[in-house]
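Just add 168 to the spot in the sequence shown (first one is 1) and you have our numbering. Ideal Cβ placement from N, Cα and C applies to all residues, glycine included.
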Amino acid sequence: MIRHNQILRDSPLMDMNTITPTSGIDLLVRQGIEHLREKTANPNPENDLGPTSPRSYRSKARSGDYSCFQVDLSNSETSSTIESRSRLLELPNELQYMIATYLGFGDMERLRRTCRHFRVLLNPDFVRAHFGGDELFIRQLTSHCQSCLSRPGRHSLIFYPATDGRPPSSKCFQCSVQERDLHVGTRLQLANTRSAWVCRWCGWPISGSAAPSFAHQQFHAGCYDRYYHVLWGFLWLGFAQFAVGVVAAVLSLIYFRGDLLVFPPAIVSFVLLWVCMAFLVFRGNRVRTYHWVGALELVILGLWILPIYAVARRIHSGSLERSTFAALVFYGINVIFRLLNFVGNIVLMCEYDMTKHYVPGRSLKRKLLNALMAGLIYWTYPQCVEQRYPPDYN
């Protein structure tokens, strides 16, 4: 029995000082433990990290505030709170090092982010040596998302080169979209050394299983199909608006030529309607004329107020004719169209980003607001998704 106790006491598991470093990771573990002991023995109270002995250090670690390991099991009938703390903190630092060596890069970084103790214990030098030096360590960095630490594959990670002394890193598509790091019309470098466009319709990178469209390389195939249907709808709505404007002007010309409150405003609004059509046709993808078109739509909207007032006054006087009723209907529809066009141009002038509609994790209020804004843009000018940057407002 005495011999057995002597063997256990002399075992390397009982005394870390008896470990002979046979590899770089063993030597780094010893250096890390000595580094922790030196910090705990610091006499400066401002930089004091704990007691001087490993056992007292662990005792202080257990008594510290590690809210990430606490579970509130409070009962409604009692006011007492039972806190369950991590058993990992109960282990010696040597065993914590050994356990950490079985973790992957993502799990090890999640553990480091839990509290200060593990950030000091698993320092960057230890992590770098554990994963095989600088080259393999950088590959681990660029193979994981720096935000959520997931590993979706290098074809689904956006590469960020080293800047300001920071090592290169990557970020997954979902985190990049949620943090609004992507902009349409830009080309991204992926972690697999390839490049990908940001879809102009949904704002997600075009890579992996999401194949680009044959008609336009800056759209997903499914996104371009939706954009194509919206363009056809906008074309038919444009014909309808133009037809309503023409019919309203013709009714004014035939039945209200002698009324100064109806005929002159109707003719002027008809001329301005052609000016708006010219802006839509000739402005291109770089020139922004939303402020000019919005001003014209507002003028047309104001010009139709007097004809509506004059025709409505005839109805109140008792002379209700089919021509009067038809003119009032077309005047009212024209006013509604002009109002929607004016509001839509205001939204376009503010450079509203339609890709917000496809950001995951949105609230119901945000979903409804994005749907309203996208509907106004589809109504006014859906070709804005193809506009180029930087814009030209002249």
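Query                                                                                                                    : Result
Gln-409 beta carbon less than 7 Å from that of Phe-510                                                                   : no
Buried or exposed by the 16-neighbour rule on C-beta atoms within 10 Å, applied to Asn-163                               : Since the displayed the chain opens at 169 and closes at 562, residue 163 lies outside it and no answer follows.
Stretch-stretch touch, CB-based, cutoff 8 Å, three pairs: the segment 388 to 401 with the segment 419 to 439             : no
Distance, Cys-340 Cα to Ser-318 Cα                                                                                       : 8 Å
Nearest-angstrom Cα separation, counted from Arg-481 out to Gln-342                                                      : 59 Å
Burial state of Ser-338, where buried means 16 or more other Cβ atoms lie within 10 Å                                    : buried
7 Å Cβ cutoff met for Leu-544 and Val-503                                                                                : no
Sub-7 Å separation of Leu-309 and Pro-335 beta-carbons                                                                   : yes
Terminal residues of the beta strand (DSSP E) in which Ser-570 lies                                                      : Residue 570 falls outside the range modelled here, since the chain spans only 169 to 562, and no answer is possible.
Cβ neighbours of Gly-462 in the same chain (closer than 7 Å, five flanking residues each side left out)                  : Phe-510, Asn-513, Ile-514 and Met-517
Straight-line gap, Asp-332 to Ile-306 (C-alpha atoms, nearest Å)                                                         : 16 Å
Residues of its chain near Tyr-458, where Cβ-Cβ distance is below 7 Å and the 5 sequence neighbours each way are ignored : Asn-513, Leu-516 and Met-517
Beta bridge counterpart(s) of Arg-355 as assigned by DSSP                                                                : Trp-365
Residues of its chain near Cys-552, where Cβ-Cβ distance is below 7 Å and the 5 sequence neighbours each way are ignored : Leu-516 and Ile-545
DSSP three-state assignment for Arg-334, whether helix, strand or coil                                                   : strand
Local Cβ density within 10 Å of Trp-404, reported as buried at 16 or more and exposed below that                         : exposed
Cβ neighbour criterion (16 or more within 10 Å) applied to Gln-385                                                       : exposed
Secondary structure of Tyr-270, DSSP reduced to three states                                                             : coil
Reduced DSSP category for His-525 - H, G, I as helix; E, B as strand; rest coil                                          : helix
Exposure of Met-276, with buried meaning 16 or more beta-carbon neighbours within 10 Å                                   : buried
Sub-7 Å separation of Gly-274 and His-312 beta-carbons                                                                   : yes
Test item: CB-CB of Cys-370 and Tyr-526 under 7 Å                                                                        : yes
Residue burial classification, Ala-539 (beta-carbon count within 10 angstroms, cutoff 16)                                : exposed
Whole-angstrom C-beta distance between Arg-368 and Glu-554, which should lie under 8 Å                                   : 6 Å
Assumed close pair Trp-372, Val-345 - CB separation to whole angstroms, cut-off 8 Å                                      : 6 Å
First through last residue of the alpha helix (DSSP H) which encompasses Arg-294                                         : Correcting the residue type first, residue 294 is Phe in the shown sequence and not Arg. First-last of the alpha helix (DSSP H) with Phe-294: 292 to 298.
Proximity below 7 Å, CB of Ser-420 to CB of Ile-468                                                                      : no
Rounded C-alpha distance that separates Val-143 from Trp-460                                                             : Since the first residue of the chain shown is 169 and the last is 562, residue 143 is not available in this structure.
Straight-line gap, Ile-422 to Ala-495 (C-alpha atoms, nearest Å)                                                         : 11 Å
Identity of the residues DSSP links to Leu-325 by a beta bridge                                                          : Cys-340
Distance between Glu-258 and Leu-279 (C-alpha atoms, nearest Å)                                                          : 15 Å
Buried versus exposed call for Pro-528 [16 or more other C-beta atoms within 10 Å across all chains shown]               : exposed
4 or more residues per run - each alpha helix (DSSP H) lying fully within the segment 377 to 437                         : 389 to 423
Closest residue to Val-414 among Phe-424, Val-352, Val-439 and Val-398 (Cα-Cα distance)                                  : Val-439
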